[in-house]
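**Q** Numbered according to the UniProt record's numbering, the sequence shown spans residues 1 to 514. All C-beta atoms in this analysis are idealised placements derived from N, C-alpha and C, irrespective of residue type, glycine included. Since the structure is predicted, the reported quantities are computational estimates derived from the model, not experimental observations.
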Amino acid sequence: MADKLIIFDTTLRDGEQSPGASMTRDEKIRIARQLERLRVDVIEAGFAASSNGDFEAIHAIAGIIKDSTVCSLARANDRDIARAAEALKGANSSRIHTFIATSPLHMEKKLRMSPDQVLEQAKLAVRYARQFTDNIEFSPEDGSRSELDFLCRVLETVINEGATTINVADTVGYGVPELYGQLVRTLRERVPNSDKAVWSVHCHNDLGMAVANSLAGVQLGGARQIECTINGLGERAGNTALEEVVMAIKTRKDYFGLELGIDTTQIVPASKLVSQITGFSVQPNKAVVGANAFAHASGIHQDGVLKARDTYEIMRAEDVGWSANKIVLGKLSGRNAFKQRLHELGIEMASEQDVNAAFARFKELADQKSEIFDEDILAIVSNEAQAEGGEHFYLVSMAQHSETGERPSARVVFTAQGTERVGEADGNGPVDAVLNAIESQVQSGAEQLLYSVNAITTGTQSQGEVTVRLSKGGRIVNGVGTDPDIVAASAKAYLSALNKLYSKAEKLNPQLTP
Ligand code: KIV
Ligand code: ZN
1 MADKLIIFDT TLRDGEQSPG ASMTRDEKIR IARQLERLRV DVIEAGFAAS
51 SNGDFEAIHA IAGIIKDSTV CSLARANDRD IARAAEALKG ANSSRIHTFI
101 ATSPLHMEKK LRMSPDQVLE QAKLAVRYAR QFTDNIEFSP EDGSRSELDF
151 LCRVLETVIN EGATTINVAD TVGYGVPELY GQLVRTLRER VPNSDKAVWS
201 VHCHNDLGMA VANSLAGVQL GGARQIECTI NGLGERAGNT ALEEVVMAIK
251 TRKDYFGLEL GIDTTQIVPA SKLVSQITGF SVQPNKAVVG ANAFAHASGI
301 HQDGVLKARD TYEIMRAEDV GWSANKIVLG KLSGRNAFKQ RLHELGIEMA
351 SEQDVNAAFA RFKELADQKS EIFDEDILAI VSNEAQAEGG EHFYLVSMAQ
401 HSETGERPSA RVVFTAQGTE RVGEADGNGP VDAVLNAIES QVQSGAEQLL
451 YSVNAITTGT QSQGEVTVRL SKGGRIVNGV GTDPDIVAAS AKAYLSALNK
501 LYSKAEKLNP QLTP
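#1: From M107 to P115, what does the alpha carbon distance come to, in whole angstroms?
#2: Excluding five sequence neighbours on each side, which residues of the same chain lie with their C-beta closer than 7 Å to the C-beta of K196?
#3: Checking 9 Å against the spacing of the C-beta atoms, do N499 and G479 come in under that value?
#4: Ordered along the chain, which non-local residues of its own chain (more than five positions away) have a Cβ less than 8 Å from that of N509?
#5: Measure the C-alpha to C-alpha separation of K28 and E384 and round it to an integer number of angstroms.
#6: Given a cut-off of 9 Å on the beta-carbon distance, is the pair A45 and R75 in contact?
#7: Using 8 Å as the cut-off, can you tell me whether the region 403–413 makes contact with the region 421–434, which would need three or more C-beta pairs spanning the two stretches below that distance?
#8: Does the beta carbon of G304 come closer than 9 Å to any beta carbon on chain E?
#9: Starting from R13, follow the alpha helix (DSSP H) in both directions and report where the run begins and ends.
#10: Would you please state the rounded distance, in angstroms, between the beta carbons of M398 and A491? I believe it to be under 8 Å.
#11: Would you tell me roughly how many angstroms separate the C-alpha atoms of K109 and L345, rounded to the nearest one?
#12: Can D14 be considered in contact with the ligand GDP, in the sense that its beta carbon sits closer than 8 Å to one or more heavy atoms?
#13: Look at the alpha carbon of L38 and the alpha carbon of H392, and state the distance between them as a whole number of angstroms.
#14: Is the closest heavy atom of the ligand KIV to the C-beta of F99 under 8 Å?
#15: Leaving aside the five residues before and after G175 along the sequence, list all residues of the same chain whose C-beta is less than 6 Å from its C-beta, in chain order.
#16: Could you tell me the distance, in whole angstroms, from the CA atom of V42 to the CA atom of C228?
#17: Would you call the CB atoms of K339 and V355 closer than 9 Å?
#18: From N92 to S68, what does the alpha carbon distance come to, in whole angstroms?
#19: Taking 8 Å as the cut-off, does the region 432–451 touch the region 358–365 (at least 3 CB pairs, one atom from each stretch)?
#20: Can you give me the start and stop residues for the alpha helix (DSSP H) that I65 sits inside?
#21: Going by C-alpha distance, which of Q266, R335, A366 and Q368 is nearest K353?
#22: Tell me, which residues are paired with D170 by DSSP?
#23: Taking buried to mean at least 16 other C-beta atoms within 10 Å of its own C-beta, is H401 buried or exposed?
#24: Please work out which residues of its chain come closer than 7 Å, Cβ to Cβ, to S146, disregarding the five sequence neighbours upstream and downstream, and give them in chain order.
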C-alpha cells in the first residue's frame with residue numbers, strides 16, 4: 001500500500017498504566033478482539049514480565065488474534081525479553097518492544113547508569129531479542145529530552161543489532177509540535193542506517209499536545225507509525241488518542257496523503273467498550289467519540305446541517321460508528337436472536353452455559369426496561385464476566401429508604417467468598433447509605449477518590465453506569481456497575497472496586513523500576 005501509516009494501539013499496555021485502569025485477562029481479550037475488528041496494525045497487549053496475569057493475557061491474545069501483530073513490552077534485560085517471547089508464542093505475527101531511558105535525567109537519577117552502560121544494555125537487549133524474532137521495536141524512553149548525539153549513537157547501534165522500528169518517546173509530554181517533528185526528522189537524517197527502520201511516534205498528553213505532536217512527527221518528521229490508545233487513555237493526562245489521529249489523517253487526506261488500514265466504523269464501539277471496562281468515562285465534548293461530537297445545539301447550525309450536512313460537519317457520524325441508539329432486542333426476543341447479536345458484537349462466550357446465564361440476565365433486564373440496546377448487552381456481558389470470575393464480593397439484593405426530611409438508610413445483602421453478609425447503615429443520601437452498609441461489613445478503610453454516574457443510552461429508561469475509584473495502600477482501582485437502578489449500580493460498582501482491591505494481581509509498572 002502506497003505510503004501507509006501503521007497504527008500501533010497501546011490501550012492494553014500504556015492505557016492500562018492509568019491509575020485504576022488495570023484490566024483482567026478476559027477484559028483484555030474483549031478489547032483485543034475489538035481492536036482487531038478496528039483493524040489496527042499492532043496491538044501492544046501488555047508487559048509480560050509485569051505479572052503472571054499480564055503474561056497470561058498476552059499469551060491468550062497471541063493465540064486468538066489473527067489479523068493484527070501482537071506485541072509485548074519488555075525492559076532492556078534478558079529476563080523481560082525472554083518472558084515477552086514466551087508470552088507471544090503461537091501468534092500469527094508478533095513483535096517484541098524493548099526500551100531503556102536515554103535522557104541524562106533518567107539515566108542518572110532513575111537508572112543510575114552511565115550513558116555508555118545504557119548504550120551497551122540497549123545493544124545487548126536488541127541482540128538478545130533477535131534470537132526470538134525479527135520484528136523488534138526499540139524505544140529510547142524520555143527520547144525527547146535526550147541529548148541528540150547520544151540518542152543518534154544509541155539508535156544507530158540498535159538498528160545495527162536488528163531493531164526494525166524506532167519509537168521516539170515523548171514520555172512526559174514535553175514536546176511541542178514543531179520541535180518534536182524536527183527531532184524525528186533530524187534523527188532520521190543523522191542516524192546513518194535510519195532507512196533500515198520504520199520510525200514511530202509515541203506522545204503523552206501532559207500539555208494537551210499529544211495528537212498535534214504525533215501528527216507533526218508524521219508530517220514534518222516522516223514517521224510512519226503512530227502509537228496511540230482508545231479515548232487517549234494512559235498515564236497522567238494520557239496518550240495520543242487513536243480516534244483523533246485516525247480521523248485527522250483520514251479527513252485531511254488532502255494534506256497528509258497517507259493510507260490507513262483502519263475500519264473507522266469500529267471507532268465508537270471501541271471507545272464505548274474501553275470506557276465501560278476501565279470506568280474512564282468519555283467527556284461529552286471529546287472529539288470524534290464524545291456524546292456531543294456530532295450534536296448540533298444552535299439553531300443556525302441545525303438549519304445549516306439540514307440544508308447541507310457539510311456546512312458544519314467534516315466527518316459523518318456513521319463513518320466513525322455512531323448509530324442513534326438502535327433498539328436491537330426486546331422482551332419477546334428469543335435466545336437465538338440474543339446469541340446472534342452477541343456474535344455481531346464480536347462477543348464470544350466461553351460456553352453455552354455462559355450464554356444461558358447472560359440470556360437469563362437479558363430477560364430480567366427486558367422485564368425492567370422494554371428496549372434493549374447494544375450498550376445494554378455489553379453491560380450484561382460485563383456483569384456476567386464479573387459473576388463468573390468467581391468474584392470475592394457479589395451483590396445479592398439491596399433495599400434503601402429515602403424520604404424528604406429524613407436521613408436515608410439502606411440494607412445490603414452480598415456474598416463474600418460465597419458466605420452471605422448483611423450490612424445496614426444510613427448516609428447523606430441513598431448511595432452513601434448503601435456504600436456505608438457494605439463498608440460496615442467489609443471494613444476496607446479504602447479512600448473514595450471518585451464517584452460518577454452516566455446513562456449508558458439516552459433517557460431515564462437507560463441503565464445507569466456507575467464508576468467508583470478507591471485507593472488503599474498506594475493501590476488505585478476502578479469499579480464499574482450497571483443497573484437500571486442507579487443505587488444498585490452504585491452497590492455493584494463499589495463491590496467491583498473492592499474485588500479489585502483485594503485481588504492479588506499486582507502489576508509492575510515498567511517505567512518505575514530499572
Ligand atoms: O512513554 C514511554 O516512554 C513509554 C515507553 C515504554 C515506550 O511508554
Ligand atoms: Zn508511554
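**A** Walking through what the data contain:
#1: Walking along the sequence shown from the start, residue 107 turns up at place 107. Walking along the sequence shown from the start, residue 115 turns up at place 115. Answer to the nearest angstrom: the Cα atoms are 7 Å apart.
#2: As a working note, residue 196 is residue 196 in the sequence shown. I159.
#3: For the purposes of this step, residue 499 is taken as the residue at position 499 of the sequence shown. For the purposes of this step, residue 479 is taken as the residue at position 479 of the sequence shown. Yes, the pair counts as a contact, with Cβ atoms nearer than the cut-off.
#4: Position 509 of the sequence shown, counted from the start, is the residue given in the question as residue 509. A distance below 8 Å between beta-carbons, with the five flanking residues on each side excluded, links N509 to the following residues of its chain, in chain order: Q17 and S50.
#5: Looking up residue 28 in the sequence shown gives position 28. Looking up residue 384 in the sequence shown gives position 384. Taking the straight line from one Cα to the other gives about 16 Å.
#6: As a first step, residue 45 is located in the sequence shown; it is residue number 45 there, counting from the start. As a first step, residue 75 is located in the sequence shown; it is residue number 75 there, counting from the start. No. Outside cutoff.
#7: Taking 8 Å as the limit for Cβ pairs, the verdict is that the region 421–434 does touch the region 403–413.
#8: The question asks about chain E, but that chain is absent: this structure has only one protein chain.
#9: Translated into positions along the sequence shown, residue 13 becomes position 13. For R13, no alpha helix (DSSP H) segment is defined, and its DSSP state is neither H nor E.
#10: Numbered from its first residue, the sequence shown carries residue 398 at position 398. Numbered from its first residue, the sequence shown carries residue 491 at position 491. For M398 against A491, the beta-carbon gap comes to about 5 Å, under 8 Å, which counts as contact.
#11: Mapped onto the sequence shown, residue 109 falls at position 109. Mapped onto the sequence shown, residue 345 falls at position 345. Whole-angstrom Cα-Cα distance: 47 Å.
#12: This structure lacks the ligand GDP; its bound ligands are the ligand KIV and the ligand ZN.
#13: Within the sequence shown, residue 38 is the residue found at index 38, counting from 1. Within the sequence shown, residue 392 is the residue found at index 392, counting from 1. Going by the C-alpha atoms only, they are around 34 Å apart.
#14: Stepping through the sequence shown from its first residue, residue 99 is reached at position 99. For the ligand KIV, at least one heavy atom lies less than 8 Å from the Cβ of F99.
#15: Here residue 175 refers to the residue found at position 175 when the sequence shown is read from its first residue. Correct list, in chain order: S144 and N213.
#16: Residue mapping note: residue 42 aligns to position 42 of the sequence shown, counting from 1. Residue mapping note: residue 228 aligns to position 228 of the sequence shown, counting from 1. Going by the C-alpha atoms only, they are around 10 Å apart.
#17: In the sequence shown, the residue the question calls residue 339 occupies position 339. In the sequence shown, the residue the question calls residue 355 occupies position 355. Contact flag set, yes.
#18: Along the sequence shown, one-based indexing puts residue 92 at 92. Along the sequence shown, one-based indexing puts residue 68 at 68. If you take the alpha carbons of N92 and S68, they lie about 8 Å apart.
#19: The region 358–365 makes no contact with the region 432–451: fewer than 3 CB pairs, one atom from each, lie closer than 8 Å.
#20: Indexing the sequence shown from 1 puts residue 65 at position 65. Where I65 is concerned, there is no enclosing alpha helix (DSSP H), given that its DSSP letter is neither H nor E.
#21: Stepping through the sequence shown from its first residue, residue 353 is reached at position 353. Here residue 353 turns out to be Gln, not Lys, going by the sequence shown. Checked all of Q266, R335, A366 and Q368; the closest Cα to Q353 is R335.
#22: Against the sequence shown, residue 170 aligns to sequence position 170. Per DSSP, C203.
#23: The residue labelled residue 401 in the question sits at position 401 within the sequence shown. Classification for H401: exposed.
#24: Mapped onto the sequence shown, residue 146 falls at position 146. Closer than 7 Å at the Cβ level, and outside the excluded window around S146, lie T102, S103 and P140.
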